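Structure record follows, encoded as structure tokens.
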Amino acid sequence: MALLMAQEPVRAGYARLDTWVQLAMLACVVVMLAGYWHFFTGKTTLTSDGISQSWLWRKQMQWDEVKSARFMGLPYLAWLIPPRLLLTSERGRRVLFNGGCDTLHRAFAQATVALQSRRYGLDEPTASAQHKRS
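Numbering follows full-length UniProt numbering, in which position 27 of the sequence shown is assigned residue number 27; successive positions increment by one, without gaps.
Structure below.
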């Protein structure tokens with residue numbers, strides 16, 4: 001669609017590209033759209049055993065494998081760049097879980113606090129203790 005709306009020199013330049021280059025560009029657009037679709041339709045599951053998320057491929061990690069956890073997000077830009085949970089395993093494998101709603105963001109934050117507390121030998125916060133602070 002954008003190519004049809006482009007000015008004549010742009011259309012002529014695109015037409016001079018080799019067929020393989022045009023196909024590669026089209027493939028990139030298809031992969032980007034597939035990733036975008038899976039980003040918004042993926043299902044995230046947090047259980048007592050671990051976390052998993054369906055995406056282009058299934059991402060999962062057991063809680064006992066986790067060496068470190070980091071909840072990453074940009075304040076005031078969550079509407080544009082959703083916060084993510086980065087987990088690193090004992091073997092160095094990193095898995096990034098995307099968060100798409102506020103409930104999931106809170107669950108990611110609670111999981112991060114619990115995992116960091118376990119890592120540093122602190123008492124894990126309980127739900128009742130968190131509600132008392134609010």
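Built from N, CA and C at the ideal position, the CB exists for glycine as well. It should be emphasised that the depicted structure is a prediction, and the values quoted were computed from it without experimental measurement.
Collapsed DSSP secondary structure at residue i in the structure displayed
i: S68; result: strand
i: R94; result: strand
i: L56; result: coil
i: V31; result: helix
i: S134; result: For S134, the predicted structure reports a pLDDT of 42, less than 50, and the residue's modelled location is therefore unreliable. A value from the coordinates is still provided. Looking at S134 - three-state DSSP - the assignment turns out to be coil, as it is neither helix nor strand.
i: A129; result: For A129, the predicted model reports a pLDDT of 47, less than 50, meaning its position is unreliable and no value from the coordinates is stated.
Enclosing beta strand (DSSP E) for residue i [first to last residue]
i: residue 136; result: Examination of residue 136 is not possible in this model, given that the chain is present from 1 through 134 alone.
i: L86; result: 84-89
Cut-off 7 Å between Cβ atoms - residues of its own chain near residue i, not counting five sequence neighbours on either side
i: W55; result: H38, G42
i: residue 136; result: The displayed coordinates of the chain run from 1 to 134. Any statement about residue 136 would go beyond what the structure contains.
i: V95; result: K59, M61, L87
i: Q22; result: none
i: K67; result: T88, S89, E90
i: G50; result: Q60, M61, Q62, W63
Selected residue, minimal CA-CA separation from residue i, among the options
i: Q62; options: S48, L74, P75, G73; result: S48
i: N98; options: V113, A114, A78, S117; result: A78
i: L80; options: A69, G100, T112, L115; result: G100
Sequence-distant residues of the same chain with beta carbon closer than 8 Å to residue i, five excluded per side
i: M72; result: P83, R84, L85, L86
Residue range of the alpha helix (DSSP H) that includes residue i
i: D102; result: 102-119
Cut-off 6 Å between Cβ atoms - residues of its own chain near residue i, not counting five sequence neighbours on either side
i: A109; result: F71
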